[in-house]
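A.B. asks: Residue numbers (this note's numbering), protein chains in the order written: chain A, 1 to 253; chain B, 1001 to 1286; chain C, 2001 to 2612.
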Amino acid sequence: MSVELSKKGQVLTATGLAAGYDGRAIVSDIDIEATPGKVISIVGPNGSGKSTLLKSLVGVVRVLDGTVKVGDTVITNTPSEEVAKIGVGYVPQIDDVFPPLSVKENLEIGGYLLARHEIRGRIDAVLEFFPKLKAMMSRKAGKLSGGERKMLAMGRVLMLSPSVLVLDEPTANLAPIVATQLLEEYIRGFADFGSTVLLVEQRAKAALRISDWTYVLGGGRVVLDGAPDDLAQNPIFIESFLGGGAATHAPKD
Amino acid sequence: MSSLGFGLISAAVLAIATVGFTMQFAVTNVLNLAYGSIMINSAFVSYYVNQHGVTAWVALVGGVLTGAIASWLLNRFVYTPFQRRNLAPITVVIVSLGIDLMGTFGLQAIVGGGFVSFTQNQGSEYHFAGLLLSSLQLIIIGICAAVLVGVHGLLKYTRLGKAMRATSANRSLARNSGIKTNYIISTTWLISGALCGLAGTVFAMNAGVFEATSAQLYIVLLLAAMFLGGPGEPYGAMFGAITIGVATEVSAAYINPDYKDVIAFVVLIAMLMFRPFGIFGSEKTN
Amino acid sequence: MSSYGYYIAIILVYASVDAMACMGLNLEFGVAGISNFGYIIFQSAGAYAAAILSMPNAASSNGGFQKYVLGWHLPWPFPWIGAAIAGGLLALPFVFIVGKRLRGDFAAVGLLVSAVLLNVLVKNYVPFLNGDAGISLVPAPFQSHFNPQSLSYQFAYGAVAIILTIGVYFLVQRVTESPYGRSLRAMRDNDIVADSLGKDLRKQRTSILILGGMIAGLSGAILVEFITLWAPGAWGYAETIVLFAAIIIGGAGNHKGAILGAILVPVGFEEITRYLPPLGNPELVPALEWVSIGLLIVLFLWFRPDGILPERRRILSGNKNAPPPAPSAADDESDALIKIGDLQKLNFRELLRLGEPVNDHRVILSTNALTKTFNTVTVVSDVTIAIHQGKLTGMIGPNGAGKSTTLAMLAGTLPSTSGQIFYEGKDITSMSSDKRALAGIVRTFQLASEFKKLTVLENLVCAIPNQSGDTFFGSLRGKRYWGAEDRDNIERAKEVLEGFGLSQYADAYAGGLSGGQRRLVEIMRALLAEPKVLLLDEPMAGVHPNLAHKIGDQLTKLCEGGMTIVMVEHELSIMDAFCDPVIVLAEGRVLAQGTMSELRQKEEVVEAYLVG
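#1: Runs of 3 residues minimum, wholly inside the segment 2144-2197 of chain C: which ones carry the beta strand (DSSP E) assignment?
#2: Kindly indicate the opening and closing residues of the beta strand (DSSP E) around residue 2366 of chain C.
#3: Are the CB atoms of residue 2076 of chain C and residue 2142 of chain C within a distance shorter than 8 Å?
#4: Using the rule of at least 16 other Cβ atoms within 10 Å of the residue's Cβ for burial, across every protein chain shown, is residue 184 of chain A buried or exposed?
#5: Report the residue ranges of all alpha helix (DSSP H) runs contained in full by the segment 2418-2505 of chain C; include only those spanning at least 4 residues, in chain order.
#6: Just mark residue 1260 of chain B as buried or exposed, buried being the case when its beta carbon has 16 or more other beta carbons within 10 Å.
#7: Per DSSP, residue 2567 of chain C forms a beta bridge with which residues?
#8: Taking only beta carbons into account, state which residues of the segment 1150-1183 of chain B come closer than 8 Å to chain A, listed in chain order.
#9: So, does the segment 36-48 of chain A touch the segment 86-100 of chain A, judging by three or more C-beta pairs under 8 Å?
#10: Three-state secondary structure (DSSP) at residue 67 of chain A?
#11: What is the residue span of the beta strand (DSSP E) that residue 42 of chain A lies within?
#12: Using a Cβ-Cβ cut-off of 7 Å (strictly less than) and excluding sequence neighbours within five positions of residue 2180 of chain C, which residues of its own chain qualify?
#13: At what residues does the alpha helix (DSSP H) containing residue 2226 of chain C begin and finish?
#14: Relative to chain C, which residues along the segment 1091-1125 of chain B have a C-beta separation below 9 Å, given in chain order?
#15: Can you list, in chain order, the residues of the segment 189-209 of chain A whose Cβ is nearer than 7 Å to any Cβ on chain C?
#16: Quick one: which residues of the segment 1024-1049 of chain B get their C-beta closer than 7 Å to a C-beta of chain C? List them in chain order.
#17: Can you name the residues of chain C whose CB is closer than 8 Å to the CB of residue 1259 of chain B?
#18: Below 9 Å between beta carbons is the criterion; list the residues of the segment 2154-2165 of chain C that meet it against any residue of chain B, in chain order.
#19: Give me the subset of the segment 1065-1088 of chain B whose CB atoms are less than 9 Å from a CB atom of chain C, sorted by chain position.
#20: Against chain B, which members of the segment 52-67 of chain A pass a CB distance test of less than 9 Å?
#21: Smallest Cα separation from residue 2452 of chain C: which of B/1112, B/1088, B/1023 and B/1251?
#22: So, at 8 Å on beta carbons, what are the nonlocal neighbours of residue 1082 of chain B in its own chain, with the 5 sequence-adjacent residues on each side left out?
#23: Which one of B/1189, B/1213 and B/1042 has the shortest CA to CA distance from residue 1060 of chain B?
#24: Would residue 1280 of chain B and residue 1230 of chain B be called neighbours here (beta carbons separated by less than 8 Å)?
#25: How about residue 45 of chain A: is its C-beta nearer than 8 Å to some C-beta of chain C?
#26: Between residue 2311 of chain C and the rest of its own chain, which residues show a CB-CB distance below 6 Å, the 5 nearest in sequence each way excluded?
#27: Distance, Cα to Cα, residue 2182 of chain C vs residue 2029 of chain C?
#28: Return no unless some Cβ of chain C is closer than 8 Å to the Cβ of residue 1269 of chain B.
#29: Could you tell me whether the Cβ atoms of residue 2392 of chain C and residue 2595 of chain C are closer together than 8 Å?
#30: Check residue 24 of chain A in the structure and name its three-state DSSP category.
#31: I need the DSSP call for residue 2333 of chain C, collapsed to helix, strand or coil.
#32: So is residue 175 of chain A in contact with chain C if we call contact Cβ pairs under 8 Å?
#33: Could you check whether the segment 2529-2544 of chain C touches the segment 2564-2577 of chain C, counting it as contact only if at least three pairs of C-beta atoms, one from each stretch, sit closer than 8 Å?
#34: Which residues in chain B have a C-beta closer than 8 Å to the C-beta of residue 156 of chain A? List them in chain order.
#35: Check the DSSP bridge columns for residue 1210 of chain B and list the partner residues they point to.
#36: Check whether the Cβ of residue 227 of chain A lies closer than 8 Å to any Cβ atom in chain C.
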């Protein structure tokens, strides 16, 4: 792939992070680090606070304590439109496109912060990465299939050549084969280009396959982290999904 | 056939008004029932500028500015703070009714209850495709058509317009894309407010004579046009306005003109009962 | 002196009329949550009805200078009774607007527009009610026997008006404070949830619109026979806003507040402006009156949204003196550690009126090719499942798999696009959700769904089905009719509350509880609805695992006792411990079904959901 899809990655760190709604923490004591060229995944049972954690990193949910940094820039509680400007691209799990806008317009909105003359070039670059979208540029985003929609959602974020990609369960509700392709081809691909990828994934096994480092969340805290190969052997890891004590869950967001 | 001519003017004015109204609903989910009072206030500002020897067409700018500024203030200092409290939508609607009373009768307290009219020439009459229209009416239709084309261009082809549509579709995602949604919402209220001011002024010009409470029931036509096309849909609003505008005036030719607005009422109630998301709209997923 | 006397008599009549109208509107808006922006037309209907019932035939009287229908020349009190009936009848067509699940503000707009429409029609169609000029020379009651202009007559009129107003107060109070009133307030706070507990929203709204309309109609009759004329100008849509202002200022949901509001706003404004010297242009004073009303609405909604006399909190527990502990921040923090009481002590069989355990595990609830499509997106497709009686069936699947949608279709909250649902052998696909609830299918919701302005105890009691005071006519029969039964119900609810360890919150507003506590309230409430099939949508979210397991134990017991439970849940440990069988949904389809250990063996399940 010839075009440059993303800028050189930056380190994303969260230290001592607590975040939640209405002043009530859903996640707390979180220390994570995502580095360029790597896929860092966060797994954990539903309700363990994965989505809330991601949202707090990108300014959607309020950080109650701790610090979030991109490179040397502190982005704790920075409004999400500023976070986008700093180079963090966030793809939410649901409501990830603008349904009444066409595919082309969705991409243009993705490039909202770019100068007018840059947009066309970026769209071409994104289309080269997601060639399937080429054929449906004038279709409304609301009419796309699940997989196409997810590609558009990621394409929208790539418009700004982000240095950090934050993806919330990109494979949710996708057919297994599409999910595998998305993870192994595209998401792993981003990291291989040098960007930083932070991924929340429900398919833990698939996540481990493409990750360089994995954090396991339970009850709003990091209960475990490590390299995928080590984790796969770890009985606590299995335990935290299939039941037992540690994995309590917080209110769903 | 003359009724069709009247219908075209009503439709043109209504279209401008409804597009502004529906844009406000689209970005902030507020049924701004104070819209009619801002229309008539704008008309009176234009009228006073006009009384100071300025041509009505230039004075119109005063009305447009009034509408824009008043709407912006209303959203910034009333609707936004109320919405931050996460109240039921009905509370904000009741607030808007309160504002409507203040706007309409505050104006009446200042200007009194008398009828006024613009100092302006009706111009010569033209026969056009079987329609009889004065040049004043033709200019009104022209202005409205130009503005509608302008709104279309804005929404479809400009960065701002796309950002407005994106913000109305998904505010949180728009922010994630780097859009300053508060700025976009403010701008939307400025633009829709300008449309409101324009609509109020041309409404008053078209009516000939008007007073402080003249636009009080206009909100019903607006609502009918909006619900016909689907709430929050600018193109639906244009369609709805043209349908309602023409239908009311043409029906006036066949039934007692006093009942001409009844069609709008009936349409609105039927839409609310059977398709509250409009003729072309579709039910939203939860 | 006598001019003061007249003045006082006039004020008495006006105050009664406005207070009565405000109470009717308060019953609709403050209690039942119906934003009737067209309320004034009900008062007007009563006024016109009283006028044309009491006046002689239009052609024969007064030289026929006014045109109107009827003209039956009925003696008092028939015109007033007719007025109340007219107000009630007028409510019927509006049931089509408010009975549907239309956004509250959209329905309000529909009512507002209807009011304007009727005004336009009456104004322009002269033969009906004399058009814009209105009807005048309406006879006062017994005017052939007494002199209506005499002071004593006017005072007598005022006295009758006040007595009727007091009567109306007791009437609305009787309805509001009954179990039916509780259901109305539940509907006001969350209509979809009330529906899922078996409350017939259309019926409730209809009854209240009719009663409110009758009260408005009566108030119109009292007014018109006093002032002797009525015209479209007197009932513009803005008059409804005045009444709304009165209720918002007085205190929505509190009938004393409504009376206070009526005295402050419509009466007070009218009287104050009477004493203002003429200023500026003739429209100035009335215009400023309208401006003040608008301003008051906005200011009150901002600074004191509950009004001067806020709705009273109902203390059902009997501890009148003890103020309930307001849940503090500390409660929020310790939410995860909620202590549960001694559930073992609860005799659910008794409390929930369970029948003798029949545990033959026959199929009680099943679906055939159930499908749900939103626009073009299919969320649930071809789901065919069978739920066995007495089993705790789990439903799992990745996010977006269609679990909650399936549950909602089983409960009737969402209509299915195609396919059938069978319950106890009958096809219930088109049965409404409230009917299903009464038939024994009760659901809970994933998102917070407590009735916020009902106390915890009220939340529970209101779910109990078949209360004799929970019908419109039952509520009218008064406490003597339903009181004893209600006390029993409250005792039952208190026992359940005790078992779940939340007794200290019995009289606290449910909206003030922490997330975990609200969850428990919801589970208790669903149990008290006496379900045969209980559908739980993620009941354990936000609940501490120890507590979750205790609840799970109880659910198992209930199943042994014959209850059937379907539970959507993410927490696999819960599934492991309690659910058998477990249905796995993925992408809107049934992927597999079996015990958890069986499911773990299946490659496709592991692939879709588990760690694998």
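For each residue, glycine too, the CB sits at the ideal point set by N, CA and C.
C.D. replies: Walking through what the data contain:
#1: none
#2: Taking the first residue of the third sequence as 1, we reach residue 2366 of chain C at position 366. It spans 2363-2374 - the beta strand (DSSP E) in which residue 2366 of chain C sits, taken as one unbroken run.
#3: Within the third sequence, the letter at position 142 stands for residue 2142 of chain C. Within the third sequence, the letter at position 76 stands for residue 2076 of chain C. Contact flag set, yes.
#4: As a working mapping, residue 184 of chain A is identified with position 184 in the first sequence. Residue 184 of chain A comes out exposed.
#5: 2433-2439, 2456-2461, 2472-2476 and 2479-2499
#6: If you number the second sequence from 1, residue 1260 of chain B lands on position 260. Buried, since its Cβ has 16 or more Cβ neighbours within 10 Å.
#7: Start at 1 with the first residue of the third sequence, and residue 2567 of chain C comes out as number 567. Paired residues: C/2394 and C/2536.
#8: 1159, 1162, 1163, 1165, 1166, 1169, 1170, 1172, 1173, 1174, 1175, 1176, 1177, 1178, 1179, 1180 and 1181
#9: no
#10: Numbered from its first residue, the first sequence carries residue 67 of chain A at position 67. Of the three classes helix, strand and coil, the one that applies to residue 67 of chain A here is strand, per DSSP.
#11: Here residue 42 of chain A refers to the residue found at position 42 when the first sequence is read from its first residue. First-last of the beta strand (DSSP E) with residue 42 of chain A: 39-43.
#12: By one-based count along the third sequence, residue 2180 of chain C stands at place 180. The residues are 2469, 2470, 2471, 2472, 2474 and 2475.
#13: By 1-based counting over the third sequence, the position of residue 2226 of chain C is 226. 2201-2227 is the span of the alpha helix (DSSP H), which, as asked, contains residue 2226 of chain C.
#14: 1091, 1092, 1093, 1094, 1095, 1097, 1098, 1099, 1100, 1101, 1102, 1103, 1104, 1105, 1106, 1107, 1108, 1109, 1110, 1111, 1112, 1113 and 1114
#15: 202, 204 and 205
#16: Under the 7 Å Cβ criterion, the segment 1024-1049 of chain B contributes 1031.
#17: Within the second sequence, the letter at position 259 stands for residue 1259 of chain B. Result: 2120, 2121 and 2124.
#18: none
#19: 1078, 1081, 1082, 1085, 1087 and 1088
#20: 58, 59 and 60
#21: Start at 1 with the first residue of the third sequence, and residue 2452 of chain C comes out as number 452. Minimum Cα distance to residue 2452 of chain C is reached at B/1088.
#22: Here residue 1082 of chain B refers to the residue found at position 82 when the second sequence is read from its first residue. These residues qualify, in order along the chain: 1091, 1092 and 1095.
#23: Position 60 of the second sequence, counted from the first residue, corresponds to residue 1060 of chain B. Residue B/1042 is the option with its Cα nearest to residue 1060 of chain B.
#24: The residue you call residue 1280 of chain B lines up with position 280 of the second sequence. The residue you call residue 1230 of chain B lines up with position 230 of the second sequence. With contacts defined by Cβ atoms closer than 8 Å, residue 1280 of chain B and residue 1230 of chain B form a contacting pair.
#25: Position 45 of the first sequence holds residue 45 of chain A. Yes, because at least one Cβ of chain C sits closer than 8 Å to the Cβ of residue 45 of chain A.
#26: Along the third sequence, one-based indexing puts residue 2311 of chain C at 311. Around residue 2311 of chain C: 2253 and 2254.
#27: Here residue 2182 of chain C refers to the residue found at position 182 of the third sequence. Here residue 2029 of chain C refers to the residue found at position 29 of the third sequence. Distance between the alpha carbons of residue 2182 of chain C and residue 2029 of chain C: 14 Å.
#28: Your numbering for residue 1269 of chain B matches position 269 in the second sequence. Chain C contact via Cβ: present.
#29: For the purposes of this step, residue 2392 of chain C is identified with residue 392 of the third sequence, where counting begins at 1. For the purposes of this step, residue 2595 of chain C is identified with residue 595 of the third sequence, where counting begins at 1. No, they are not a contact pair.
#30: Residue 24 of chain A sits at position 24 when you count from the first residue of the first sequence. Strand.
#31: Counting from one through the third sequence, the residue named residue 2333 of chain C turns up at place 333. Note that residue 2333 of chain C scores 44 on pLDDT, short of 50, meaning its location in the model is unreliable; the coordinates nonetheless yield the value given after this. The answer is helix: DSSP assigns residue 2333 of chain C an H, G or I state.
#32: Numbered from its first residue, the first sequence carries residue 175 of chain A at position 175. It does; some Cβ of chain C falls within 8 Å.
#33: Note that the segment 2529-2544 of chain C touches the segment 2564-2577 of chain C; at least 3 beta-carbon pairs, one per stretch, sit closer than 8 Å.
#34: Locating residue 156 of chain A in the first sequence gives position 156, counting from the first residue. Going along chain B in sequence order, the residues near residue 156 of chain A (Cβ under 8 Å) are 1177.
#35: Stepping through the second sequence from its first residue, residue 1210 of chain B is reached at position 210. Beta-bridge pairing links residue 1210 of chain B to B/1116.
#36: Taking the first residue of the first sequence as 1, we reach residue 227 of chain A at position 227. Not one chain C Cβ lies under 8 Å of residue 227 of chain A.
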